[in-house]
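J.: Residue numbers (the UniProt record's numbering): 1 to 298. Before I ask anything, let me first share the structure, which is written out below as structure tokens.
Shown next, in the form of structure tokens:
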């Protein structure tokens with residue numbers, strides 16, 4: 001099997017629960033995300049204005065998903081702040097924002113650009129007090145970690161008793177992307193709704209609600225703390241989930257994908273968006289002012 005880059009990537013599935021992962025890992029996760037990831041995929045630590053605009057719009061969409069949790073000032077931890085656009089939005093709205101980012105270049109850039117309160121490093125090693133956050137967000141980070149169960153357990157310990165953990169990951173059942181883009185070296189684990197829910201349960205979390213993105217590409221889970229810590233004897237088993245995932249992935253062929261209108265409409269949408277972004281960013285002398293204009297009115 002090949003990844004979206006065209007390289008060989010061995011992906012396996014647990015027949016008991018349906019969790020999918022890369023075996024062996026294609027890189028050392030700690031070294032890769034601390035040093036290489038942003039340069040390999042973004043080519044720079046200082047994003048271009050159009051990428052800031054795009055990320056700012058993603059931040060607005062994420063805020064829309066969680067705004068019901070932000071009716072009053074909250075203490076929020078954002079795990080994997082990246083370029084800092086979402087963290088800056090939360091800070092701008094008056095919340096007590098804390099962030100953590102493993103990539104030194106991106107972390108230093110975003111902290112300086114937006115005056116963010118960041119720790120540099122991995123959430124697995126983070127020095128935060130237990131039971132200290134009302135809301136924790138981890139957007140498209142869990143699939144990159146070498147031990148997602150440990151990460152969820154760590155985040156559970158940081159939540160206040162009535163806190164909410166928001167986890168968003170790519171959906172392995174998605175067919176909105178081309179078949180060649182299903183697997184990715186950077187995504188060490190691949191979840192569907194059932195495996196994300198079960199891993200949360202194993203970490204001592206219970207689902208409050210979930211939503212799928214419009215195209216089915218992402219699943220967002222809202223977790224709360226279970227009353228008691230996880231039962232380590234809990235089974236991983238999810239009947240028929242592995243068969244379901246395998247059938248979807250195998251059935252998502254190039255022929256079926258490109259016989260639909262969706263990929264062509266998606267391409268046109270991307271091209272149109274890029275043209276509009278180039279127009280929108282003209283006249284802004286720095287990224288912060290661009291985000292300030294975008295976030296105005298919230």
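We put the CB at the ideal spot given by N, CA and C, even for glycine. Note that the structure is a prediction, hence the values are computed from the model and not measured.
Nearest by alpha-carbon distance to residue 72: which of 209, 135 and 292 is it?
T.: The shortest Cα separation from residue 72 among 209, 135 and 292 belongs to 135.
J.: To the nearest angstrom, how far is the alpha carbon of residue 54 from that of residue 89?
T.: Approximately 14 Å between the Cα atoms of the pair.
J.: Could you check whether the region 240-248 touches the region 188-201, counting it as contact only if at least three pairs of C-beta atoms, one from each stretch, sit closer than 8 Å?
T.: Yes, the region 240-248 touches the region 188-201.
J.: State the start and end residues of the unbroken alpha helix (DSSP H) segment that holds residue 221.
T.: Residue 221 -> not in any alpha helix (DSSP H); beta strand (DSSP E) instead, spanning 218-225.
J.: Just to confirm, are residue 203 and residue 237 a CB contact at a threshold of 7 Å?
T.: No, Cβ-Cβ distance for residue 203 and residue 237 is not below 7 Å.
J.: Start and end of the beta strand (DSSP E) containing residue 205?
T.: Its beta strand (DSSP E) spans residues 205-212.
J.: What residue does the alpha helix (DSSP H) around residue 201 start on, and which one ends it?
T.: Unbroken alpha helix (DSSP H) run through residue 201: 193-202.
J.: Can you tell me whether residue 165 is helix, strand or coil according to DSSP?
T.: In this structure, residue 165 counts as strand in the three-state DSSP scheme.
J.: If we ignore side chains and look at the alpha-carbon of each, how far apart do residue 142 and residue 168 end up?
T.: Cα to Cα, residue 142 sits roughly 8 Å from residue 168.
J.: Tell me whether the beta-carbon of residue 25 lies closer than 7 Å to the beta-carbon of residue 188.
T.: Closer than 7 Å, so yes.
J.: Within 10 angstroms of the Cβ of residue 91, are there 16 or more other Cβ atoms? Answer buried if so, exposed if not.
T.: Buried, by the Cβ-count rule.
J.: Look at the Cβ atom of residue 10, then the Cβ atom of residue 180, and state whether they are nearer than 7 Å.
T.: Their beta carbons are not under 7 Å apart, which means residue 10 does not touch residue 180 by this criterion.
J.: How would you label residue 111, buried or exposed, when you count the other beta carbons within 10 angstroms and need 16 or more for buried?
T.: With 16 or more Cβ atoms within 10 Å of its Cβ, residue 111 is classed as buried.
J.: Could you check whether the region 155-174 touches the region 220-234, counting it as contact only if at least three pairs of C-beta atoms, one from each stretch, sit closer than 8 Å?
T.: Counting Cβ pairs under 8 Å, three or more are found: they touch.
J.: Quick one: grab the DSSP three-state call for residue 185.
T.: Coil, per DSSP.
J.: Residue 255: buried (16+ other C-beta within 10 angstroms of its C-beta) or exposed?
T.: Answer is exposed; the Cβ neighbour count stays below 16.
J.: Can you tell me where the alpha helix (DSSP H) holding residue 177 begins and where it ends?
T.: Run containing residue 177: none; DSSP gives neither H nor E here.
J.: Verify whether the separation of the beta carbon atoms of residue 207 and residue 197 is less than 7 Å.
T.: It is a contact, given that the beta carbons lie within the stated cut-off.
J.: Out of 249, 140 and 97, which has the shortest C-alpha to C-alpha gap to residue 218?
T.: Of the candidates 249, 140 and 97, the one whose C-alpha sits nearest the C-alpha of residue 218 is 140.
J.: Just to confirm, is the Cβ distance from residue 291 to residue 56 under 7 Å?
T.: Going by C-beta atoms, residue 291 is nearer than 7 Å to residue 56.
J.: Between 200, 105 and 29, which has its C-alpha nearest residue 47's C-alpha?
T.: Nearest option by C-alpha distance: 105.
J.: Quick check on DSSP: helix, strand or coil for residue 145?
T.: Coil at residue 145, not helix or strand.
J.: According to the neighbour-count rule (16 or more other Cβ atoms, all chains shown, within 10 Å of its Cβ), is residue 250 buried or exposed?
T.: Exposed is the call here.
J.: Name, in chain order, the residues that DSSP records as bridge partners for residue 236.
T.: Paired residue(s): none; residue 236 is not in a bridge.
J.: List, from N- to C-terminal side, the beta strand (DSSP E) runs of 3 residues or more that fit wholly inside the region 101-147.
T.: You should have 118-120 and 133-139.
J.: Hey, residue 122 and residue 148: beta-carbon distance below 7 Å or not?
T.: No; because the gap between Cβ atoms is not below 7 Å, this pair is not in contact.
J.: Check the DSSP bridge columns for residue 289 and list the partner residues they point to.
T.: BP columns for residue 289 are empty, so no partner.
J.: How is the beta strand (DSSP E) around residue 12 delimited, first residue to last?
T.: Its beta strand (DSSP E) spans residues 11-13.
J.: Reducing DSSP to helix, strand and coil, say where residue 8 ends up.
T.: It is a strand residue.
J.: With residue 276 as the anchor, note down where its beta strand (DSSP E) starts and where it stops.
T.: Premise fails: residue 276 lies in the alpha helix (DSSP H), 262-280, not in any beta strand (DSSP E).
J.: Below 7 Å between beta carbons: does that hold for residue 69 and residue 164?
T.: Yes, the Cβ-Cβ distance between residue 69 and residue 164 is below 7 Å.
J.: How far does the beta strand (DSSP E) with residue 19 in it extend, from its first residue to its last?
T.: Unbroken run through residue 19: none, as it is neither H nor E.
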